[in-house]
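These protein sequence lines map, in sequence, to chains A and B.
Under the numbering used here, the first residue of the first sequence carries the number 19, and numbering increases by one thereafter.
Under the numbering used here, the first residue of the second sequence carries the number 4, and numbering increases by one thereafter.
Worksheet: the structure to be examined is printed underneath.
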Amino acid sequence: MDMRDLVTGGAACAVPGSSSSSNPLAALANTLIGSSSKIQENKEIPTSITPSSERQIYAESNDHLGALDQPFVDPNGPQHSDFLRGFHGSGGGGGQTELDAAWNDIHPPPQLDHIYDTHPHPQQPILDGPPQRMLSSLLHSFVDSSRGGVPFRATPLPVLGLSEGDKQCIRDRSSIMARHIFADKSEDFINAQVNALLCSLDIDGDARAKGPLPGRFRELDDYWNESQGTLKPGFHAADGWVAEFNQQRMVPGANGWASEFEQQHGANGWASEFEQSQLTSVDQMRGSNISSLAAMEQTRMLANTLAQNDDPKFQNSKFLQFVSKMSRGELIIDDNQVKQTALPAAGDWASEYQNQYNRSPAWADEFLSHGPDQWVNEFTTEREQHGPVDDQWVNEFSKLHVHDWADEFGRQVGEGALGENSTDNWANAYDEFLNEQVAARQRSDTSRGVYVFSDMNPYVGHPNPLKEGQELFRKGLLSEAVLALEAEVLKNPDNAEGWRLLGIAHAENDDDQQAIAAMLRAQEADSTNLEVLLALGVSHTNELEQAAALKYLYGWLRHHPKYGTLAPPELSDSLYYADVARLFNEAAQMSPDDADVHIVLGVLYNLTREYDKAIESFQTALKLKPHDYSLWNKLGATQANSVHSADAIFAYQQALDLKPNYVRAWANMGISYANQGMYEDSIRYYVRALAMNPKADNAWQYLRISLSCASRDDMLEACDSRNLDVLQKEFPL
Amino acid sequence: MSTNQELKSDALMEQMKQHLASDAGKQLTKKINLVYQINIAPKNIGFNEVVYTVDLKKGEVTKGPYEGGKPDATFSFKDDDFVKVALGKMNPQIAFMRGAMKIKGSLSAAQKFTPDIFPKPSKM
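Dropping the structure here:
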């Protein structure tokens with residue numbers, strides 16, 4: 019019944035006495051023969067479990083199922099040794115010699131090598147080293163113990179020097195976590211597990227650890243009950259899953275799973291991506307060398323605060339969200355990596371939870387195969403990540419101010435993150451951190467319309483950076499022009515022309531966030547500049563921000579010397595697209611030879627996706643301004659968005675003939691090829707665009723997609739590390 | 004019509020609709036052959052959701068819940084998050100992990116929901 023044991027019984031192979039650990043060949047035989055009988059056994063399992071039947075089930079799973087899942091576990095992998103460490107350490111007093119003996123006992127099991135032989139793993143170091151490492155190993159083996167269905171036993175550890183706060187934190191969290199990872203087991207079992215863990219760490223299990231959470235956290239209780247209650251239907255799901263699992267297993271053979279995984283995600287694809295983003299966010303959060311211990315301190319403070327607070331606002335429903343988020347966070351350690359699980363929908367939350375759960379071992383294995391340090395990083399990252407949320411949450415609901423680290427975090431993330439909806443803001447920011455691999459700090463600022471300057475700017479101190487910038491821009495050296503113009507606006511922050519050209523340079527460089535930020539500054543300096551208003555309208559259209567785009571396009575009309583009279587100022591309070599379009603059409607009738615009106619009209623039609631009309635407007639404008647490269651690009655983009663990709667490529671080509679360094683047009687070319695399924699071609703154009711502006715984040719993202727679609731997973735690493743040399747060599751245009 | 008209530012996702016869905024009529028779109032239909040229902044909320048998942056059915060069996064995008072039975076998988080997003088996932092800015096796994104994407108239905112069907120099924124918007 020227990021899904022975890024089915025999937026992850028691999029951990030159980032370390033249990034002395036089980037056939038799998040003592041005899042790898044028997045394990046193999048079990049894998050081949052035993053799996054067929056397994057389904058039946060599972061069908062017999064009742065859906066409501068009594069503690070007595072539970073025991074029996076675990077025994078079964080150890081015998082039959084543990085072996086079944088051998089292929090999931092790399093016995094060389096760190097996960098395994100972690101488990102061993104936890105288990106054997108506990109059994110015999112934690113001596114290293116015993117661990118070594120156990121290790122040698124099962125290492126190396128021959129039948130599995132072929133699956134993983136592409137990735138030799140470093141062996142896990144023995145349970146020693148800095149306290150943090152030891153702590154994380156122990157916690158990890160605690161998590162692992164859920165897989166084997168084996169009670170976790172206390173392990174004497176050297177003194178870790180945990181403070182009372184640390185202890186309380188671990189106590190609180192482990193009891194929460196245990197209720198998740200042992201959700202299908204009895205309360206007694208959970209308590210025993212938690213107590214074993216706490217005992218190892220020399221922490222007194224108090225009421226919180228021993229039983230249900232105390233009364234003042236009643237909502238939390240409900241939350242747990244609910245989550246555990248809704249899991250019950252999952253048992254049906256479990257059978258279905260088992261069946262599918264077996265099919266999957268029997269058909270492609272033992273390493274079908276492994277190879278499929280690799281196909282889908284590339285060797286180490288997901289794990290490395292995850293690591294990278296995690297590490298990025300660690301760097302981000304740490305900005306100013308906050309050590310991981312400081313992060314632990316943060317969490318500790320939170321735990322104290324929570325424990326002491328009786329504020330009724332805790333009962334706010336957001337508390338539930340918070341807890342849910344937190345618990346989901348805990349599960350990150352152990353989850354993700356979508357695998358071959360097909361569950362009949364058994365209630366949203368239950369199935370989602372179950373899904374997360376079932377996938378956990380696969381993910382963990384993958385994750386762990388990347389070396390022992392990762393878990394430590396993960397662990398500390400987790401703590402850091404929760405710290406800030408917690409803080410903000412505490413501030414928001416209890417009005418308690420935990421100054422130190424709130425300030426620290428606030429400084430790093432910027433003012434906005436501590437605003438009203440701080441939790442949401444934080445979550446948004448976090449998403450951005452995760453997805454930014456290089457310019458994380460920049461992105462979270464630019465998304466709020468704050469211009470981000472380059473770090474090293476050789477043009478600072480230049481006698482006339484504006485002139486230099488204009489010159490560079492004319493030559494088509496966009497990234498250089500950006501630097502010169504930044505120097506200009508640093509020198510003269512009120513120079514609208516400097517900001518405007520900077521914005522244009524960014525737009526042509528395919529960076530709308532920066533373009534918007536620069537244009538907003540230009541508009542501050544000169545609120546009626548028509549080019550600025552149009553540029554803002556275009557950029558917001560590109561970013562799919564319709565209301566903002568409409569506002570600026572209407573502003574263009576209102577401030578136009580000729581058409582301004584058409585635009586009643588009171589309209590700007592409640593802009594309706596139809597009104598604005600009507601006014602522009604009037605303007606176009608007034609002066610049909612004004613290319614600009616047609617351009618704005620074309621942008622406006624893009625907003626409502628009336629692409630045919632938009633194309634018509636741009637074509638009219640092009641007759642009047644045939645050498646306007648940005649106009650050709652606008653035409654191309656419109657055609658591409660209305661799925662006339664072939665026409666679009668012609669238009670982009672016109673733009674590039676007029677301006678060979680037009681990064682946006684190169685990137686758009688790539689998009690058009692990709693949308694036509696011509697991924698190989700699209701890659702070349704993306705790489706070309708990126709070679710000219712390595713900061714074009716969209717192009718990096720699209721390049722990544724095209725690489726996987728073109729089955730060029732071999733180049734994903736170069737893409738992730740933004741190695742343009744390799745990419746340019748591989749994909750010349 | 005008021006543009007204030009427009010979702011960013013509407014633009015992507017519209018493009019998807021047209022994309023499915025193209026050759027590349029037809030190949031996609033052949034390759035995936037599943038029906039997804041996507042619930043998009045302006046601010047908070049579960050509130051004021053706009054429901055789209057992306058039928059990659061028939062090659063259609065329609066507004067409203069799937070009427071031909073049960074979709075293979077149903078996703079719930081916030082508007083911004085859907086855009087991020089569809090444009091490859093956020094990995095679906097990370098989205099799921101962070102709670103930015105909720106999944107109902109078959110997980111193996113959900114796995115085929117990747118950023119490459121959506122056409123990318125070009126920029127003016």
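All residues carry an ideal CB built from backbone N, CA and C; glycine is no exception.
As the structure is a computational prediction, the values presented were derived from the model and not from experiment.
Counting along the chain, where does the beta strand (DSSP E) carrying residue i start and finish?
{"i": "I41/B", "result": "38-44"}
{"i": "E63/B", "result": "63-66"}
Count the other CB atoms within 10 Å of the CB of residue i; is the residue buried (16 or more) or exposed (fewer)?
{"i": "E182/A", "result": "exposed"}
{"i": "W574/A", "result": "buried"}
{"i": "P74/B", "result": "buried"}
{"i": "M608/A", "result": "exposed"}
{"i": "F50/B", "result": "exposed"}
{"i": "N741/A", "result": "exposed"}
{"i": "T656/A", "result": "buried"}
{"i": "P483/A", "result": "buried"}
{"i": "M474/A", "result": "exposed"}
{"i": "S159/A", "result": "buried"}
{"i": "N122/B", "result": "Reading the sequence as shown, one finds Pro at residue 122/B and not Asn. P122/B should be labelled buried."}
{"i": "Q719/A", "result": "buried"}
{"i": "A666/A", "result": "buried"}
{"i": "D26/B", "result": "exposed"}
{"i": "S295/A", "result": "In this prediction, S295/A has a pLDDT of 48, which is less than 50 and means its spatial position is unreliable; what the coordinates show is noted afterwards. Buried: at least 16 other Cβ atoms inside 10 Å."}
{"i": "Q479/A", "result": "For the sequence presented, residue 479/A should be read as Gly rather than Gln. Exposed, since its Cβ has fewer than 16 Cβ neighbours within 10 Å."}
{"i": "G405/A", "result": "Low local confidence applies: a pLDDT of 40 at G405/A is under 50, so the model's placement there is unreliable, and no value is given."}
Helix, strand or coil for residue i, going by three-state DSSP, please let me know.
{"i": "A76/B", "result": "strand"}
{"i": "T638/A", "result": "helix"}
{"i": "Y152/B", "result": "Outside the displayed span of chain B (4 to 127) sits residue 152/B, for which this structure offers no information."}
{"i": "M127/B", "result": "coil"}
{"i": "L723/A", "result": "At residue 723/A the sequence reads Ile, which differs from the Leu that was named. If DSSP states are grouped into helix, strand and coil, I723/A belongs with the helices."}
{"i": "T583/A", "result": "helix"}
{"i": "D612/A", "result": "coil"}
{"i": "Q728/A", "result": "Here residue 728/A is Ala; the residue named in the question, Gln, does not match the sequence. Note: A728/A maps to coil in three-state DSSP."}
{"i": "K713/A", "result": "coil"}
{"i": "M474/A", "result": "coil"}
{"i": "I221/A", "result": "coil"}
{"i": "T546/A", "result": "coil"}
{"i": "E563/A", "result": "coil"}
{"i": "L593/A", "result": "coil"}
{"i": "G467/A", "result": "coil"}
{"i": "R740/A", "result": "coil"}
{"i": "I48/B", "result": "coil"}
{"i": "T32/B", "result": "helix"}
{"i": "N513/A", "result": "coil"}
{"i": "G91/B", "result": "coil"}
{"i": "E698/A", "result": "helix"}
Have a look at the DSSP bridge pairing and note the partners of residue i.
{"i": "G688/A", "result": "Answer by DSSP bridge pairing: none, since G688/A is not bridged."}
{"i": "I106/B", "result": "F78/B"}
At which residues does the alpha helix (DSSP H) containing residue i begin and terminate?
{"i": "L751/A", "result": "Where L751/A is concerned, there is no enclosing alpha helix (DSSP H), given that its DSSP letter is neither H nor E."}
{"i": "D529/A", "result": "Neither: D529/A is in no alpha helix (DSSP H) and is coded neither H nor E."}
{"i": "T626/A", "result": "Counting along the chain, T626/A falls outside any alpha helix (DSSP H), and DSSP gives it neither H nor E."}
{"i": "I667/A", "result": "663-676"}
{"i": "H22/B", "result": "11-24"}
{"i": "E489/A", "result": "483-493"}
{"i": "Y647/A", "result": "647-659"}
> Should the segment 7-21 of chain B be regarded as contacting the segment 742-750 of chain A, the criterion being three or more beta carbon pairs within less than 8 Å?
Replying inline: As far as the Cβ criterion goes, the segment 7-21 of chain B does not touch the segment 742-750 of chain A, which means the pair count is below three.
>> Below 8 Å, how does it come out for the segment 528-536 of chain A and the segment 555-574 of chain A: are there three or more Cβ pairs, yes or no?
In response: With a cut-off of 8 Å, the segment 555-574 of chain A and the segment 528-536 of chain A count as touching, because enough Cβ pairs lie within range.
> Is it true that the segment 638-652 of chain A meets the segment 663-681 of chain A, where meeting means three or more beta-carbon pairs spaced less than 8 Å apart?
Replying inline: Under the three-pair Cβ rule at 8 Å, the segment 638-652 of chain A counts as touching the segment 663-681 of chain A.
> Using 8 Å as the Cβ pair cut-off and three pairs as the minimum, do the segment 697-708 of chain A and the segment 721-732 of chain A touch?
Replying inline: Counting Cβ pairs under 8 Å, three or more are found: they touch.
> Is the segment 54-70 of chain B touching the segment 684-691 of chain A in the sense that three or more CB pairs, one from each, lie closer than 8 Å?
Replying inline: The segment 54-70 of chain B and the segment 684-691 of chain A do not touch, with fewer than three beta-carbon pairs separated by less than 8 Å.
>> Measuring CB atoms only, is the segment 514-523 of chain A touching the segment 628-646 of chain A, in the sense that at least three cross pairs come out at less than 8 Å?
In response: Contact fails between the segment 514-523 of chain A and the segment 628-646 of chain A, because fewer than three Cβ pairs, one in each stretch, are under 8 Å apart.
> Are the segment 32-52 of chain B and the segment 105-119 of chain B touching, with three or more C-beta to C-beta distances below 8 Å?
Replying inline: Pairwise C-beta distances place the segment 32-52 of chain B in contact with the segment 105-119 of chain B, as three or more of them are shorter than 8 Å.
>> Between the segment 59-66 of chain B and the segment 88-103 of chain B, can you find at least three pairs of beta-carbon atoms closer than 8 Å?
In response: Contact fails: fewer than three Cβ-Cβ distances are below 8 Å.
>> Any contact between the segment 619-634 of chain A and the segment 582-602 of chain A? By contact I mean 3 or more CB pairs, one from each, below 8 Å.
In response: Touching, yes.
> Between the segment 575-591 of chain A and the segment 626-641 of chain A, are three or more C-beta pairs nearer than 8 Å?
Replying inline: Of all C-beta pairs linking the segment 575-591 of chain A to the segment 626-641 of chain A, fewer than three are shorter than 8 Å, placing the two stretches out of contact.
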